[in-house]
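Residue numbers (this note's numbering), protein chains in the order written: chain R, 137 to 257; chain E, 59 to 222; chain P, 2 to 712. What follows is a single structure, written as structure tokens, with notes after it.
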Amino acid sequence: MSKLILTVDDSASMRMLLKTSLTAQGFRIESANDGAHGLERMHDVVPDLLITDINMPKMDGFELIEAVRAVAQFRGTPILVLSTEFSDEKKTRARSAGATGWITKPFDAEKLGAAIRRVCP
Amino acid sequence: MSTLNTPDERKIVTFSLGQQMFGIDMKALIEIREWEEPTPLPSVPAYIKGVTNLRGTVVPVVGLSERLGWTPSVLHSRSCILVVTIAGKQAGFLVDEVADIILIKASEIQPAPEVEIGEQNVIAGLIQVAPRAQEGATIVEGADMVLLLDLDALNLTRHLDLAA
Amino acid sequence: MNDELDEIQAIFFEECTEGLAVAEQGLSAMAAGDVSKEVIAGVFRAVHSIKGGSGAFGHAALLAFSHCFENVLDEVRSGKIPATPDVTKVMLTAFDILADHVAAAQGTAPTPADSAALALLEEVLATKAGAVPPVAATAVVPEPASDQFGFTPVIAPIEDFDPFGFEPVEMVLDDLEDAVPLPWTVRFGPSRAALANGAEPLLSVREVERLGGAIVSVDSSALPTLRELDPEDSYLVWILSVPGTIEESAIAECFDFVAPDSLVEITRDLAPVAAIAEAPTKVETPRLVLVEKVDVPVAMATTAAPPEARPMDAIQQTIRVDLNKLDMLLNLVGELVIRGSILSDRLSPVDQERVELPELARLTREIQDNVMSLRAQPIRQAFSRVPRMLRDLGVETGKQVILEISGETTEVDKGVIEKIGDPLTHMIRNAVDHGIESPAERIAAGKPPEGLITLSAEQKGARIFVRVSDDGKGIDRVRVKAKAVEKGIIPADGVMSDEEIDQLICAPGFSTAETISSISGRGVGMDVVRSNVEALGGRVDITSVPGAGTSFTMILPLTLAILDGMIVRLSGQRFVLPLANVIETVRPEPGQVRAMTPSSEVIELRGAYLPVKRLTDLFGFVGEDRRSPEESLVIIVESETAGNVGLMVDTIDDRREVVIKSLEQNLHPIRGLGGATILGDGSIALILDIDALVSSPGQMVSKFPLKGLAA
Numbered sequence: 137m138s139k140l141i142l143t144v145d146d147s148a149s150m151r152m153l154l155k156t157s158l159t160a161q162g163f164r165i166e167s168a169n170d171g172a173h174g175l176e177r178m179h180d181v182v183p184d185l186l187i188t189d190i191n192m193p194k195m196d197g198f199e200l201i202e203a204v205r206a207v208a209q210f211r212g213t214p215i216l217v218l219s220t221e222f223s224d225e226k227k228t229r230a231r232s233a234g235a236t237g238w239i240t241k242p243f244d245a246e247k248l249g250a251a252i253r254r255v256c257p
Numbered sequence: 059m060s061t062l063n064t065p066d067e068r069k070i071v072t073f074s075l076g077q078q079m080f081g082i083d084m085k086a087l088i089e090i091r092e093w094e095e096p097t098p099l100p101s102v103p104a105y106i107k108g109v110t111n112l113r114g115t116v117v118p119v120v121g122l123s124e125r126l127g128w129t130p131s132v133l134h135s136r137s138c139i140l141v142v143t144i145a146g147k148q149a150g151f152l153v154d155e156v157a158d159i160i161l162i163k164a165s166e167i168q169p170a171p172e173v174e175i176g177e178q179n180v181i182a183g184l185i186q187v188a189p190r191a192q193e194g195a196t197i198v199e200g201a202d203m204v205l206l207l208d209l210d211a212l213n214l215t216r217h218l219d220l221a222a
Numbered sequence: 002m003n004d005e006l007d008e009i010q011a012i013f014f015e016e017c018t019e020g021l022a023v024a025e026q027g028l029s030a031m032a033a034g035d036v037s038k039e040v041i042a043g044v045f046r047a048v049h050s051i052k053g054g055s056g057a058f059g060h061a062a063l064l065a066f067s068h069c070f071e072n073v074l075d076e077v078r079s080g081k082i083p084a085t086p087d088v089t090k091v092m093l094t095a096f097d098i099l100a101d102h103v104a105a106a107q108g109t110a111p112t113p114a115d116s117a118a119l120a121l122l123e124e125v126l127a128t129k130a131g132a133v134p135p136v137a138a139t140a141v142v143p144e145p146a147s148d149q150f151g152f153t154p155v156i157a158p159i160e161d162f163d164p165f166g167f168e169p170v171e172m173v174l175d176d177l178e179d180a181v182p183l184p185w186t187v188r189f190g191p192s193r194a195a196l197a198n199g200a201e202p203l204l205s206v207r208e209v210e211r212l213g214g215a216i217v218s219v220d221s222s223a224l225p226t227l228r229e230l231d232p233e234d235s236y237l238v239w240i241l242s243v244p245g246t247i248e249e250s251a252i253a254e255c256f257d258f259v260a261p262d263s264l265v266e267i268t269r270d271l272a273p274v275a276a277i278a279e280a281p282t283k284v285e286t287p288r289l290v291l292v293e294k295v296d297v298p299v300a301m302a303t304t305a306a307p308p309e310a311r312p313m314d315a316i317q318q319t320i321r322v323d324l325n326k327l328d329m330l331l332n333l334v335g336e337l338v339i340r341g342s343i344l345s346d347r348l349s350p351v352d353q354e355r356v357e358l359p360e361l362a363r364l365t366r367e368i369q370d371n372v373m374s375l376r377a378q379p380i381r382q383a384f385s386r387v388p389r390m391l392r393d394l395g396v397e398t399g400k401q402v403i404l405e406i407s408g409e410t411t412e413v414d415k416g417v418i419e420k421i422g423d424p425l426t427h428m429i430r431n432a433v434d435h436g437i438e439s440p441a442e443r444i445a446a447g448k449p450p451e452g453l454i455t456l457s458a459e460q461k462g463a464r465i466f467v468r469v470s471d472d473g474k475g476i477d478r479v480r481v482k483a484k485a486v487e488k489g490i491i492p493a494d495g496v497m498s499d500e501e502i503d504q505l506i507c508a509p510g511f512s513t514a515e516t517i518s519s520i521s522g523r524g525v526g527m528d529v530v531r532s533n534v535e536a537l538g539g540r541v542d543i544t545s546v547p548g549a550g551t552s553f554t555m556i557l558p559l560t561l562a563i564l565d566g567m568i569v570r571l572s573g574q575r576f577v578l579p580l581a582n583v584i585e586t587v588r589p590e591p592g593q594v595r596a597m598t599p600s601s602e603v604i605e606l607r608g609a610y611l612p613v614k615r616l617t618d619l620f621g622f623v624g625e626d627r628r629s630p631e632e633s634l635v636i637i638v639e640s641e642t643a644g645n646v647g648l649m650v651d652t653i654d655d656r657r658e659v660v661i662k663s664l665e666q667n668l669h670p671i672r673g674l675g676g677a678t679i680l681g682d683g684s685i686a687l688i689l690d691i692d693a694l695v696s697s698p699g700q701m702v703s704k705f706p707l708k709g710l711a712a
């Protein structure tokens, strides 16, 4: 069974872009449109991997990751954060929130696939 | 069982309903069972005799004769049920007697003449068969014409309440 | 793929339009003096999203400008630049240019001259940013045509190792192009924290292997004696060899996500290899010995709480199982239940106790419950896309709709949830398109301008009811009938009840592609709803009141459910009554059941009168042995629509769990029946759907009544 990925992004085009490129690579995709929705969907979807944007209304990506990590069931779920830039500060922030890795926007399919392989067998 | 028939050839199971011989494609046949009274169902056409348990699945039993507009079959010792699969669904057809399995070429099937029967034609074609007396099958007199049934046209799952 | 991308791009532009509206609103609020955090954050997010998408779709000019604008907004958001009226003014100017850029990216306007606005933004950054030196960064607006990952961090120090923007190594490798590159040696020692956050250092090794690398040896010198060994700590260092043709940055990238305190050393092998003994001397120059240790500055390491190491066995909290395997398990459990019934049929109560059958039955039930729960999920999942859809439909149709959801925690089989998404979409779409009126029409009809759509889910016995109700104009039966005649679905002279006309909406070929949905991009047909639901073994009920609204109810089975039932006998045939519907059983005293009209009876129960129905009548069975009420039993059942009703049966055989077998698997759903089950002796008993049975007006008139029941 192919891996199930939950993508959380408030932009529908970004969600679709992720879905299109990831589906083409054989992943199954579920998505949510903000942090709060993402947290809710985590319980429904129980994905193999969570990919989340940072800047979102209601609950941002860091808050989402912290909330997800607080759930025992998801302590081991790999999480990738998606952002247009990753300074050291931002990487550290992501790590301390509980992220496993990051993807810089815009992404290409190959880099995306490689980043996923590094966190999700 | 040999599978020597070429794409051009088809195996047909023939059986009788009253005085008439019918045939269905062997590929659709799952098994032949003895008649057993099925559990009747409400709100179904009279030709659906009920449902029976076929190895754990619930299968409708159809009085084929009535379904085709003939008089209902009278049950007797050789009455049996042909269990067939139509469009992925199973159904049992009550027939009077199973006659033979014949191998025919597609070219031997003649198109059925247009007949006004008020619904989609269930006869896929006509086959001429030389009467054979061997193999213990009693051949009904004059039964040298076999009506090949179009099983898809006998699909039971179509909604009858709306079609009415 | 291109069409798909175009489609996504179109959505991006829609988002841009939305984003611009949000930004404009926010900036206007700021200009009016509201500089609250929420307002600024809203503007920031809007511009940020535009920037994100513009990069993805390759709109260079838009990306460059929005990036600069975002930088200013980011500083304003964090308070580094005060949101003074002057700053807001600059941002409003920038906003207009941004809108022009969006139009240009869409191809509807020429690329705007943005140098003046850029200069203003940069000035704001420069004059208000104090010690922060990001001025240069704004000039380094990324070249969009370059490598998509060449996005240089703006605030990060240049030494920051960024996997996607690594240049110098390439230069070095270019120098080496003609030489035979020596292999790399990688020393990888995952830290104690390497398994935190779902990370898996093994995957980094796998990535190196994808590049052609291989594990050469393991350095276990740091391994302490067993007594001193901390099982949660990490002591081993793996030594990998990677072909020299691979870029160092590519190798480093493999370890990018590895916990910061892990050891990652990438060195060019210096050991001379015979075959390349004449390699240019510059290969051995020290500058080629690059050591990269992924590390964070000390100051940051202290602020970031080091993630806790966890024992290995805690990693895997869930496993994913092939649904087919679960189905097989469910089937087997079903068989187990049936075997259990057979055993209890054949053994006397004493023997049952002796072989501990009750204990076995209890265990079986527990297994059953557990297996069933494995496939059950809250229906919320199927409902979650409805609010967004309604918003979109509202924009599209100009109809305002309020959504009320109930029962979203109802647990339904996963397979059912996955398959009701499409029907649900069609039902909602249909309710907005054909049910809810325009605000003007609603006001004229004395209704509030906003329409109300109620979405509910409920489990009743072995069925799930998913209902979409609207308070719109109801089904226009005259029009529906006319259309059905026009399409040749029904004859022009057909006499039909209202109910039958309503059903036509779901008739194949009734709805056409005349309504093309911009959301699904397909024609919307309620026949799709019906066929999907029937494929699931369910049915669709439609009720409509002219002027007051329409309800579509999907009645779905809990697939392969096991039902707690009462087995009753009637004219020799056995039926299963879902125990969930049963309230009590009464053996009528003479006179307790009385005729109210020639064709209806009532039972007097503790002073109240309840209608009594004979199953034989409901089914149109003409039983030869019509028993008197005193010889029968009346089972009081509870129904949703008809309240409590008495059902008259001959006897009660048993009470037991039965495995539901669908009738629709090989036939079609029959109103009044919830399926069938196979009893211990191999015979079939029909399962009654009490709600459908007693709620139908009059009786379940059978168009093709059975001649009688076989004994």
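Even glycine gets a Cβ: it sits at the ideal position worked out from N, Cα and C.
- Three or more Cβ pairs closer than 8 Å define a contact, and the segment 156-173 of chain E falls short of that threshold against the segment 106-116 of chain E.
- If you look at residue 107/E, you'll find it in the beta strand (DSSP E) that goes 106-112.
- With fewer than 16 other Cβ atoms inside 10 Å of its own Cβ, residue 222/P counts as exposed.
- Secondary-structure assignment with DSSP links residue 211/P through no beta bridge to anything.
- Taking a C-beta distance under 8 Å as the contact criterion, residue 186/R and residue 215/R qualify as a contact pair.
- With fewer than 16 neighbouring CB atoms inside 10 Å of its own CB, residue 168/E falls in the exposed class.
- Taking 7 Å as the cut-off between beta carbons, none of the residues of the segment 63-82 of chain P comes near chain R.
- Non-local beta-carbon contacts of residue 422/P in its own chain, meaning distances under 8 Å to residues more than five positions away in sequence, involve 383 and 386 in chain order.
- Of the other Cβ atoms in all chains shown, fewer than 16 fall within 10 Å of the Cβ of residue 135/E; this residue is therefore exposed.
- Here residue 454/P has 402, 404, 432 and 471 as same chain residues with Cβ atoms under 6 Å from its own Cβ, once five neighbours each way along the sequence are excluded.
- Membership of residue 450/P in any beta strand (DSSP E) is not indicated, and neither H nor E is assigned to it by DSSP.
- Using a Cβ distance threshold of 8 Å, residue 502/P and residue 478/P count as a contacting pair.
- Within the DSSP bridge table, the entry for residue 215/R names 186/R as partners.
- Against chain R, the CB of residue 4/P has no partner CB under 8 Å away; the residue lies outside that interface.
- Three or more beta-carbon pairs separated by less than 8 Å are not found between the segment 364-377 of chain P and the segment 159-173 of chain R, which leaves the two stretches without contact.
- Of all C-beta pairs linking the segment 147-167 of chain R to the segment 22-32 of chain P, fewer than three are shorter than 8 Å, placing the two stretches out of contact.
- Between residue 380/P and the set 180/R, 222/R and 247/R, the nearest pair of CA atoms involves 180/R.
- Out of 395/P, 37/P and 257/P, the CA that lies nearest to the CA of residue 195/P is found in 257/P.
- Contacts with chain R at 8 Å (Cβ-Cβ) do not include residue 384/P.
- Under the three-state reduction of DSSP output, residue 445/P falls in the helix class.
- Interface with chain R (8 Å Cβ-Cβ cutoff): residue 378/P is included.
- With fewer than 16 other Cβ atoms inside 10 Å of its own Cβ, residue 410/P counts as exposed.
- Residue 136/E carries a coil assignment under DSSP once its states are collapsed to helix, strand and coil.
- Listed in chain order, the non-local C-beta contacts of residue 613/P below 7 Å within the same chain comprise 594, 602, 603, 604, 635, 647 and 649, local neighbours out to five positions each way being set aside.
- Around the Cβ of residue 104/P, a 10 Å sphere holds 16 or more other Cβ atoms; the residue is buried.
- Cβ-Cβ separation between residue 582/P and residue 691/P: approximately 4 Å, consistent with a contact (criterion under 8 Å).
- Residue 243/P and residue 247/R have their C-alpha atoms spaced approximately 20 Å apart.
- Contact annotation for residue 662/P against chain E: 115 and 116 [CB-CB distance below 7 Å, chain order].
- A residue is called buried once 16 or more other Cβ atoms fall within 10 Å of its Cβ, and residue 664/P is buried on that count.
- According to the DSSP secondary-structure assignment, residue 645/P is paired through a beta bridge with 639/P.
- At the C-beta level, residue 142/E and residue 209/E come within 8 Å of one another.
- The C-beta of residue 567/P has 16 or more other C-beta atoms within 10 Å across all chains shown, which makes the residue buried.
- Around the beta-carbon of residue 389/P, fewer than 16 other beta-carbon atoms lie within 10 Å, marking it exposed.
- Residue 178/R is not a Cβ neighbour of residue 153/R, given a cutoff of 8 Å.
- Going by DSSP, residue 155/R is part of the alpha helix (DSSP H) stretching over 148-160.
- Rounded to the nearest whole angstrom, the C-alpha separation of residue 81/E and residue 667/P is 22 Å.
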